[in-house]
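Heads up: the sequence lines are chains C, G and Z, in that order.
Residues in the first sequence are numbered consecutively from 164, following my numbering.
Residues in the second sequence are numbered consecutively from 164, following my numbering.
Residues in the third sequence are numbered consecutively from 164, following my numbering.
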Amino acid sequence: MKFSEVIQKLDVSFHSLASNCDLDPEITGLAPIDDAPPGTLSYIEGGKFAAMVNETTASALILPPDEQLQQQAIERGIAWLADAEPRLLFAKAIALFYKPFRPDVGIHPSAVIHPSVQIGRDIYVGPNVVIQAGVKLGNEVCIHPNVVIYPRAEIGDRTTLHANCTIHERSKIGANCVIHSGAVIGAEGFGFVPTKSGWFKMEQSGCAVLEDGVEIGCNSTIDRPAVGETRIAQNTKIDNLVQIGHGCQIGSNCALAAQVGLAGGVKVGNNVLLAGQVGIANQAQIGDGAIATAKSGIHNDVEPGTIVSGIPAVSHKIFLKASAIYSRLPEMYQFFRQMKRHSNEN
Amino acid sequence: MKFSEVIQKLDVSFHSLASNCDLDPEITGLAPIDDAPPGTLSYIEGGKFAAMVNETTASALILPPDEQLQQQAIERGIAWLADAEPRLLFAKAIALFYKPFRPDVGIHPSAVIHPSVQIGRDIYVGPNVVIQAGVKLGNEVCIHPNVVIYPRAEIGDRTTLHANCTIHERSKIGANCVIHSGAVIGAEGFGFVPTKSGWFKMEQSGCAVLEDGVEIGCNSTIDRPAVGETRIAQNTKIDNLVQIGHGCQIGSNCALAAQVGLAGGVKVGNNVLLAGQVGIANQAQIGDGAIATAKSGIHNDVEPGTIVSGIPAVSHKIFLKASAIYSRLPEMYQFFRQMKRHSNEN
Amino acid sequence: MKFSEVIQKLDVSFHSLASNCDLDPEITGLAPIDDAPPGTLSYIEGGKFAAMVNETTASALILPPDEQLQQQAIERGIAWLADAEPRLLFAKAIALFYKPFRPDVGIHPSAVIHPSVQIGRDIYVGPNVVIQAGVKLGNEVCIHPNVVIYPRAEIGDRTTLHANCTIHERSKIGANCVIHSGAVIGAEGFGFVPTKSGWFKMEQSGCAVLEDGVEIGCNSTIDRPAVGETRIAQNTKIDNLVQIGHGCQIGSNCALAAQVGLAGGVKVGNNVLLAGQVGIANQAQIGDGAIATAKSGIHNDVEPGTIVSGIPAVSHKIFLKASAIYSRLPEMYQFFRQMKRHSNEN
Numbered sequence: 164m165k166f167s168e169v170i171q172k173l174d175v176s177f178h179s180l181a182s183n184c185d186l187d188p189e190i191t192g193l194a195p196i197d198d199a200p201p202g203t204l205s206y207i208e209g210g211k212f213a214a215m216v217n218e219t220t221a222s223a224l225i226l227p228p229d230e231q232l233q234q235q236a237i238e239r240g241i242a243w244l245a246d247a248e249p250r251l252l253f254a255k256a257i258a259l260f261y262k263p264f265r266p267d268v269g270i271h272p273s274a275v276i277h278p279s280v281q282i283g284r285d286i287y288v289g290p291n292v293v294i295q296a297g298v299k300l301g302n303e304v305c306i307h308p309n310v311v312i313y314p315r316a317e318i319g320d321r322t323t324l325h326a327n328c329t330i331h332e333r334s335k336i337g338a339n340c341v342i343h344s345g346a347v348i349g350a351e352g353f354g355f356v357p358t359k360s361g362w363f364k365m366e367q368s369g370c371a372v373l374e375d376g377v378e379i380g381c382n383s384t385i386d387r388p389a390v391g392e393t394r395i396a397q398n399t400k401i402d403n404l405v406q407i408g409h410g411c412q413i414g415s416n417c418a419l420a421a422q423v424g425l426a427g428g429v430k431v432g433n434n435v436l437l438a439g440q441v442g443i444a445n446q447a448q449i450g451d452g453a454i455a456t457a458k459s460g461i462h463n464d465v466e467p468g469t470i471v472s473g474i475p476a477v478s479h480k481i482f483l484k485a486s487a488i489y490s491r492l493p494e495m496y497q498f499f500r501q502m503k504r505h506s507n508e509n
Numbered sequence: 164m165k166f167s168e169v170i171q172k173l174d175v176s177f178h179s180l181a182s183n184c185d186l187d188p189e190i191t192g193l194a195p196i197d198d199a200p201p202g203t204l205s206y207i208e209g210g211k212f213a214a215m216v217n218e219t220t221a222s223a224l225i226l227p228p229d230e231q232l233q234q235q236a237i238e239r240g241i242a243w244l245a246d247a248e249p250r251l252l253f254a255k256a257i258a259l260f261y262k263p264f265r266p267d268v269g270i271h272p273s274a275v276i277h278p279s280v281q282i283g284r285d286i287y288v289g290p291n292v293v294i295q296a297g298v299k300l301g302n303e304v305c306i307h308p309n310v311v312i313y314p315r316a317e318i319g320d321r322t323t324l325h326a327n328c329t330i331h332e333r334s335k336i337g338a339n340c341v342i343h344s345g346a347v348i349g350a351e352g353f354g355f356v357p358t359k360s361g362w363f364k365m366e367q368s369g370c371a372v373l374e375d376g377v378e379i380g381c382n383s384t385i386d387r388p389a390v391g392e393t394r395i396a397q398n399t400k401i402d403n404l405v406q407i408g409h410g411c412q413i414g415s416n417c418a419l420a421a422q423v424g425l426a427g428g429v430k431v432g433n434n435v436l437l438a439g440q441v442g443i444a445n446q447a448q449i450g451d452g453a454i455a456t457a458k459s460g461i462h463n464d465v466e467p468g469t470i471v472s473g474i475p476a477v478s479h480k481i482f483l484k485a486s487a488i489y490s491r492l493p494e495m496y497q498f499f500r501q502m503k504r505h506s507n508e509n
Numbered sequence: 164m165k166f167s168e169v170i171q172k173l174d175v176s177f178h179s180l181a182s183n184c185d186l187d188p189e190i191t192g193l194a195p196i197d198d199a200p201p202g203t204l205s206y207i208e209g210g211k212f213a214a215m216v217n218e219t220t221a222s223a224l225i226l227p228p229d230e231q232l233q234q235q236a237i238e239r240g241i242a243w244l245a246d247a248e249p250r251l252l253f254a255k256a257i258a259l260f261y262k263p264f265r266p267d268v269g270i271h272p273s274a275v276i277h278p279s280v281q282i283g284r285d286i287y288v289g290p291n292v293v294i295q296a297g298v299k300l301g302n303e304v305c306i307h308p309n310v311v312i313y314p315r316a317e318i319g320d321r322t323t324l325h326a327n328c329t330i331h332e333r334s335k336i337g338a339n340c341v342i343h344s345g346a347v348i349g350a351e352g353f354g355f356v357p358t359k360s361g362w363f364k365m366e367q368s369g370c371a372v373l374e375d376g377v378e379i380g381c382n383s384t385i386d387r388p389a390v391g392e393t394r395i396a397q398n399t400k401i402d403n404l405v406q407i408g409h410g411c412q413i414g415s416n417c418a419l420a421a422q423v424g425l426a427g428g429v430k431v432g433n434n435v436l437l438a439g440q441v442g443i444a445n446q447a448q449i450g451d452g453a454i455a456t457a458k459s460g461i462h463n464d465v466e467p468g469t470i471v472s473g474i475p476a477v478s479h480k481i482f483l484k485a486s487a488i489y490s491r492l493p494e495m496y497q498f499f500r501q502m503k504r505h506s507n508e509n
């Protein structure tokens, strides 16, 4: 596809062809900036990658609205198009060149589907899929090979279940969700009550509910509770190897990075960002728009709109200051000992 | 079921009907206290949930032996029953209303079972299960769809293997165990010896042993060792996404929360509690009854009955004090600099 | 096998038979030092295990070149062989007694293999395996039951895929690799761009590449990027439950312990060791030969050959000193308050 065609399809008005430059290379694909062969389109968001404009062998670049960078590109014979959000535009450009794999509609004969299952139109069910009694599948559902769905689960329209994931009994998965390989939705929460004669198992009679547009990463686990629901609201995106304990309530439009762990009954507001390996203790409440940086350990409630860090988590600002001093503790301690000795002597 | 019948079945002697209150609502199910529709039974353990007695729309409550709470319930028209362990009683109440899904006895024709497999009576084997040579299955074993069992593993009576879990060669799983979806039992430990020409793979000839009553959470991994056993003793419960390295020995009645990781050769005593995301280094020994709070990083042995926290883990008491001061480090540092400058000047 | 035969097969010249001791026990197997029945061979690397030579019931020991230990062994009637690397020699000894399970060549009739798949010679494909269009399988590939391979993936010679793992579209897996149960290779990276109307999904058009000799542990997840490759170079070994984000580049001969998490675009050099539960933030670069101790949280680049620890990670030396002082913070703080009060008064 010609660069001019890319510009047209992305509907961008600010680009090198409009800036007295007649470069119109053939774009054969997209590539990362540090490994972009000739013929590819790449992008630069600015910051430490800005210098890459002088090194890249890409034929075209998506740039921020930075005239100097644009000029540098032209000088190196690189066509450009500019946008305030280069990464978003790049995402749209990928969609011009790449169509994700999607199997053809149809039910493989090796799938084992209980006769009571309700099936929407235009669905795909791959080989060795097992769908048990009372399950409901919406329209255009796509179920990859070796998925298992326990009884009475519901899968909404256009939802994709990737290979080897497991959906447990009574789970409700909305429309346009993606459950990645190996994820387990709605299994029993970890409910054991200590007694003198050992653990008493609390049966987990509740269910897991994923609203529309939720994605769950590979090998993540979303438990169901003893009573009530574990609920993940609309358009929340969860990365790989994440644990969501029984009875958690997660708001909409959140993003939870890999290996995050939420204990039982945690309440997370809307638009919350939890970075990698964050842990949140039982029953804690995280306000709307809050951010927890990587590896934070949260034991108490977090106010809306705040950023927290550390174990136990404190305000990110304080964490930055305190952790910068951490390395100086030995020096401080030595001085403290001197002072103390001195003060004891006096 | 009438409230009076619930009381009778749970065999509780302390309740509102016995306290001059004739409320006997129909109980249709159980619910969490903050989302309990009329007709449901819920529970309050006390603490920060006590205030919920004034807000809940539950028709009946399990309460602690707290007369004031009981009086409040009555005033709001809520029947109650009381017990020193409300959560345990609630667990028993769930069992009155909920019967966990259990497939009917039988072996699905799509299961691939080696002719040498020994099979107990009244077992369930779901679709697409693969059971390899020399495996022994006890009575009433329940093997959900798409489980794979490698050669010569043993599964004890009444043990359940959930969909998509994998049991590796020579694993010994006792009676009344539950292995949740995606868990992997007895795979090769991570045994690579560094040499000048790269990693030398140490074959893992040992096996994983789970004694009776052990539960392993979804996507958890229990490795087998080079020689000897990785052993998890009776009634220990392990949550999701937990890693148990090769050669670990875990005592009985422990609880390991989600995302805990044990390196190789760790020895854990009986009745140990490891909270979420705790990590324990190679060969460390954890004494009976010890507790590690969430995210602790344990490098050294932990004495029986102690509580540890932090990275590296120290006494929980000290951790609480020290971490409370962490936020004040900037202030301390500033003062330290002043003092130091002052002391240098003198 | 006689002890003398073990010595001969391992080609060791330094042993008890050569040291005027005629002990030549029958060796029936190998065992860990603290649970070694008579008839077994075990090993001691020194350090805290050295005392075990006085307690073990093993019939033979691999020892370090330590004459005192060797003398102690003889006095207890234990044959020994010695090497500067006892663990490596023990690994070689295991290989004399243990042959890992390997299924016979053949393709199970229940496997679902697309007609376009290219198949090498002498491969094993287990029951219920699903291999989709355009996949290439090398010679002597071993694919255990219930594995799913998405379209156009490539699996090199002698590579083993364990039960229930999933290989996503276009992944390239080299020769002599091992992918353990439940691992997911080449699934979509976590690519969501924030916009005013919510998350915009960035399609992940790249692929995951594993070079020769790579091992990926159980339930680990290796994501593919939006463009370009996620690459793991030769002979790097990755343990269980590890997350490798989209676009990471990992060098050769690294070892990543369990539950390590790498965010997107991380660059790891050769011969790097990441201990358990380490986390590395987006785009960070880790130099050749660097080591991160357990639970480190790395936000910035790490110099080659250095050891880092802590959250955020600092030099291991500094971490050791600073963390030793952590417990004294309360004492320091109290003194600081006194001093401050005193200084305010003056």
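Beta carbons are placed, not taken as given, at the ideal position from N, Cα and C, and that holds for glycine.
Every value quoted in this text rests on a predicted model; they were computed, and no experiment measured them.
Buried/exposed call for residue 285 of chain C, threshold 16 Cβ in 10 Å: exposed
Sequence-distant residues of its chain with Cβ nearer than 7 Å to residue 260 of chain C (five each side left out): 192, 193
Same chain, Cβ closer than 6 Å to residue 253 of chain C, five either side skipped, listed in chain order: 206, 225
Stretch pair the segment 456-476 of chain Z + the segment 431-444 of chain Z: three plus CB contacts closer than 8 Å: yes
Continuous alpha helix (DSSP H) assignments of at least 4 residues falling wholly in the segment 234-284 of chain C: 249-260
Three-state secondary structure assigned by DSSP to residue 216 of chain G: Note: residue 216 of chain G maps to helix in three-state DSSP.
Closest Cα partner of residue 490 of chain G within the set C:471, C:500, C:501, C:498: Closest by alpha carbon: C:471.
Nearest neighbour of residue 405 of chain Z, chosen from Z:462, Z:364, Z:344, Z:358 [CA to CA]: Closest option to residue 405 of chain Z, Cα to Cα, is Z:344.
Residue nearest to residue 310 of chain Z in terms of C-alpha spacing, selected from Z:291, Z:172, Z:377, Z:494: It is Z:291.
Residue-level contact to chain C via CB, residue 488 of chain G, 7 Å cutoff: no
Residue 206 of chain C: first and last residue of the uninterrupted beta strand (DSSP E) it sits in: 203-206
Interfacial residues, the segment 306-340 of chain C to chain Z, with Cβ spacing under 8 Å: Cβ contacts with chain Z come from 307, 308, 309, 325, 326, 327.
Within 7 Å, strictly: CB atoms of residue 386 of chain G and residue 428 of chain G: no
C-alpha distance - residue 243 of chain C paired with residue 227 of chain C, whole-angstrom precision: Rounded to the nearest whole angstrom, the CA to CA distance from residue 243 of chain C to residue 227 of chain C is 10 Å.
From G:303, G:232, G:369, residue whose alpha carbon lies closest to that of residue 338 of chain G: G:303
Cβ pair count under 8 Å reaching 3, the segment 376-393 of chain Z against the segment 321-341 of chain Z: yes
Nearest candidate by alpha-carbon position, reference residue 307 of chain C, set C:324, C:318, C:298: C:324
Own chain partners of residue 430 of chain C with C-beta closer than 6 Å, once the 5 adjacent residues on each side are dropped: 412, 448
Outcome for residue 333 of chain G when other beta-carbon atoms lying within 10 angstroms are tallied against a minimum of 16: So residue 333 of chain G counts as buried.
Identity of the residue in Z:465, Z:245, Z:453, Z:204 nearest residue 446 of chain Z by Cα: Z:465
Chain-ordered neighbours of residue 215 of chain Z on chain G, where CB pairs are closer than 7 Å: Chain G residues near residue 215 of chain Z: none, gap ~12 Å exceeds 7 Å.
Inter-residue spacing [alpha-carbon to alpha-carbon] between residue 239 of chain Z and residue 247 of chain Z: Cα to Cα, residue 239 of chain Z sits roughly 22 Å from residue 247 of chain Z.
Strand pairing of residue 373 of chain Z, partner residues [DSSP]: Z:336, Z:395
Where residue 310 of chain Z sits in the DSSP three-state scheme: coil
Residue 357 of chain Z in three-state terms, based on DSSP: Looking at residue 357 of chain Z - three-state DSSP - the assignment turns out to be strand.
DSSP-derived helix/strand/coil call for residue 455 of chain C: strand
Contacting positions in the segment 393-427 of chain C - beta carbon closer than 8 Å to chain Z: 398, 400, 402, 403, 404, 416, 418, 420, 421, 422
Chain Z contact for residue 504 of chain C (CB, 7 Å cutoff): no
Backbone CA spacing between residue 370 of chain Z and residue 481 of chain C [nearest angstrom]: Cα-Cα distance, rounded: 40 Å.
Span of the beta strand (DSSP E) around residue 508 of chain C: Looking at the DSSP string, residue 508 of chain C is not in any beta strand (DSSP E); the run it does join, the alpha helix (DSSP H), is 492-508.
Within 9 Å of chain Z by C-beta, residues of the segment 269-299 of chain C in sequence order: 271, 273, 289, 290, 291
Cα-Cα separation between residue 453 of chain C and residue 469 of chain C, rounded to whole angstroms: The straight-line gap from Cα to Cα measures roughly 5 Å.
Anticipated Cβ contact below 8 Å, residue 294 of chain G with residue 276 of chain G, distance rounded: 5 Å
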